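One structure is given below, encoded as structure tokens.
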Amino acid sequence: MTAAPTAPDKSMVAAPARDRVLAQARFEAGTLLRNGEQLLVSLVLPCLALVALTLSSVPSLGAGRRVDLAVPGVIALGILSTAFTGQAIATGFDRRYGVLRLLGVSPLGRSGLLVAKALAVLVVEALQVVVIGVIGLGLGWEPHWVGVLPALLIGLLGTWTWVALALLLAGTVRAEGVLAVANLLWILLLGLGGVILPRDQLSGAASTILAFLPSSALGDGLRTAFTQGRLDLVPVVVLLVWGAVATLLASRLFRWSD
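So the sequence shown is numbered by the working numbering: it starts at 1 and just counts up by one.
Printed below as a string of structure tokens:
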């Protein structure tokens, strides 16, 4: 006689794909928010920069109220910090310690892991925008509210572009190199990348070059949206090109283990 089939052990059945991705996204977001260094770069320093830029008279931010020009730039800085700097460093060390390789062969899968990382970045960015926005309103920020939707589009494109660049860096360079390059780029882009300081405040040649960088495109797009209430198509095109190229290169060159 053959034995009757037994019911599968529910503890051994993988959760639905959506639940796996959301669980990993919660873990990734919690890790980012609990990391003191990451919290400093993504939230504390941008907030301090906002207060300093609003209350000081240098550097020049261009024509208009300083707070109205400072808030979009600081939001752009927050997006850059979370989507690129924090994500590149975290992913680089996950690859070094074999976490990516293990999660990639788990029921979550590689695509599920990447989606979870993107969702975690969006959660942290939403928190950043709320905190920076509240501080900005307290300092007298008067945005064009009709520009919220254009700003949302620019923010999403900027997030996609910088996450793709972060994965490209983290998937091709050793963890120590990722740490150095990501932090160095954050410092350089903060001062010279058109993020906080509008590129039209620089000389003609520098301003022209910055127009083609994703950092300046993110800053310019958010400033135009919040100060003029419209969508600037040039930053959209720049971010689309950078995002597409970075995504293509990351998909081909990314290594899941050292």
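Built from N, CA and C at the ideal position, the CB exists for glycine as well.
Please read all numbers here as calculations on a predicted model, not as lab measurements.
Any idea what DSSP makes of residue i, helix, strand or coil?
{"i": "residue 147", "result": "helix"}
{"i": "residue 103", "result": "helix"}
{"i": "residue 110", "result": "helix"}
{"i": "residue 196", "result": "coil"}
{"i": "residue 41", "result": "helix"}
{"i": "residue 142", "result": "coil"}
{"i": "residue 91", "result": "helix"}
{"i": "residue 172", "result": "coil"}
{"i": "residue 116", "result": "helix"}
{"i": "residue 216", "result": "helix"}
{"i": "residue 46", "result": "helix"}
{"i": "residue 63", "result": "coil"}
{"i": "residue 122", "result": "helix"}
{"i": "residue 98", "result": "coil"}
{"i": "residue 178", "result": "helix"}
{"i": "residue 129", "result": "helix"}
{"i": "residue 230", "result": "coil"}
{"i": "residue 134", "result": "helix"}
{"i": "residue 163", "result": "helix"}
{"i": "residue 186", "result": "helix"}
{"i": "residue 55", "result": "helix"}
{"i": "residue 153", "result": "helix"}
{"i": "residue 202", "result": "coil"}
Looking at residue j and residue i, is the spacing between their C-beta atoms short of 8 Å?
{"i": "residue 161", "j": "residue 235", "result": "no"}
{"i": "residue 216", "j": "residue 95", "result": "no"}
{"i": "residue 226", "j": "residue 144", "result": "yes"}
{"i": "residue 48", "j": "residue 158", "result": "no"}
{"i": "residue 76", "j": "residue 202", "result": "no"}
{"i": "residue 73", "j": "residue 230", "result": "no"}
{"i": "residue 60", "j": "residue 128", "result": "no"}
{"i": "residue 29", "j": "residue 89", "result": "no"}
{"i": "residue 53", "j": "residue 187", "result": "no"}
{"i": "residue 87", "j": "residue 180", "result": "no"}
Looking only at its own chain, which residues have a Cβ that is under 7 Å from the Cβ of residue i, when we skip the five neighbours before and after it?
{"i": "residue 164", "result": "243, 246, 247, 250"}
{"i": "residue 207", "result": "199, 200"}
{"i": "residue 122", "result": "159"}
{"i": "residue 232", "result": "220, 221, 224"}
{"i": "residue 212", "result": "238"}
{"i": "residue 150", "result": "225, 230, 231"}
Could you pull out every residue in the same chain whose Cβ sits closer than 6 Å to the Cβ of residue i, ignoring the five residues on either side in sequence?
{"i": "residue 119", "result": "25"}
{"i": "residue 265", "result": "Limits of the chain in this structure are 1 at one end and 258 at the other, which puts residue 265 out of reach."}
{"i": "residue 92", "result": "170, 175, 178"}
{"i": "residue 21", "result": "112, 115, 116"}
{"i": "residue 210", "result": "194, 199, 216"}
{"i": "residue 110", "result": "104"}
{"i": "residue 147", "result": "225, 226, 229"}
{"i": "residue 12", "result": "Because the pLDDT of residue 12 is 49, which lies under 50, any placement of that residue in the model is unreliable, and the question is left without a value."}
Using C-beta distances below 8 Å, list every residue in its chain close to residue i, excluding the 5 sequence neighbours before and after it, in chain order.
{"i": "residue 65", "result": "140, 142"}
{"i": "residue 135", "result": "47, 50, 51"}
{"i": "residue 62", "result": "69, 198, 200, 201"}
{"i": "residue 78", "result": "42, 43, 46, 125, 128, 129, 132"}
{"i": "residue 18", "result": "none"}
{"i": "residue 172", "result": "253, 254, 255"}
Which residue marks the beginning of the alpha helix (DSSP H) containing residue i, and which one marks its end?
{"i": "residue 237", "result": "233–253"}
{"i": "residue 66", "result": "66–80"}
{"i": "residue 263", "result": "It is not possible to answer for residue 263, since the shown part of the chain is limited to 1 through 258."}
{"i": "residue 19", "result": "17–34"}
For a test of your reading of the model: does the CB of residue i fall under 7 Å from any non-hydrogen atom of the ligand HEM? Yes or no.
{"i": "residue 223", "result": "This structure lacks the ligand HEM, and indeed carries no ligand of any kind."}
Counting only beta-carbon atoms, is residue i nearer than 8 Å to chain B?
{"i": "residue 88", "result": "Absent from the structure: chain B. Only one protein chain is present."}
The segment 29–36 touching the segment 186–195, judged by at least three CB pairs closer than 8 Å: no
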